[in-house]
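Each remark here refers to the structure printed beneath this line.
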Amino acid sequence: MTEIGIDDGDLVLIRQQDHADEGQIVVALVEREDATLKRYFPEPKKKRIRLHPENSSMADIYADAKDVIIQGVAVKVIKVNDLS
7 MTEIGIDDGD LVLIRQQDHA DEGQIVVALV EREDATLKRY FPEPKKKRIR LHPENSSMAD
67 IYADAKDVII QGVAVKVIKV NDLS
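Residue 69 in my numbering sits at position 63 of the sequence shown; the count goes up by one each step and never skips.
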């Protein structure tokens, strides 16, 4: 998520909820295994979800809609260097 200012080590405050609007940054479980912080884009015609990393060195994740569980939505980023 470096291209939108979320760097390695930053803290992200998440509001727990099981749904998201298109384009929101979410914590999602993919296939009940991997939790990931990505931008959320549902593709209902294809019955899948595209999770976009906001980091050009990483690829989008595409998963069947039934295999993606939204855990929450990002509401605030706390920069680690702001804590010192």
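Note that the Cβ used here is the ideal one computed from N, Cα and C, for glycine as well.
Determine the extent of the beta strand (DSSP E) in which residue i is found, giving its start and end residues.
i: Val33; result: 31-36
i: Ala69; result: 67-70
i: Gln22; result: 17-22
i: Lys44; result: 40-49
Can you tell which of the options has its C-alpha closest to the C-alpha of residue i?
i: Gln77; options: Lys52, Pro59, Leu19, Asp24; result: Asp24
i: Asp27; options: Arg56, Asp14, Met64; result: Arg56
i: Asp70; options: Asn61, Glu49, Met64, Ser63; result: Glu49
i: Glu9; options: Lys53, Lys52, Arg38, Ser62; result: Ser62
Excluding the 5 residues preceding and the 5 following residue i in the sequence, name in chain order all residues of the same chain whose CB lies nearer than 6 Å to its CB.
i: Val83; result: Ile12, Asp16, Val18
i: Ile75; result: Leu35
For residue i, which residues in the same chain have their Cβ closer than 7 Å to its Cβ, ignoring the five residues on either side in sequence?
i: His58; result: Lys44, Arg45, Phe47, Asp66
Mark residue i as exposed unless 16 or more other C-beta atoms lie within 10 angstroms of its C-beta, in which case mark it buried.
i: Met7; result: buried
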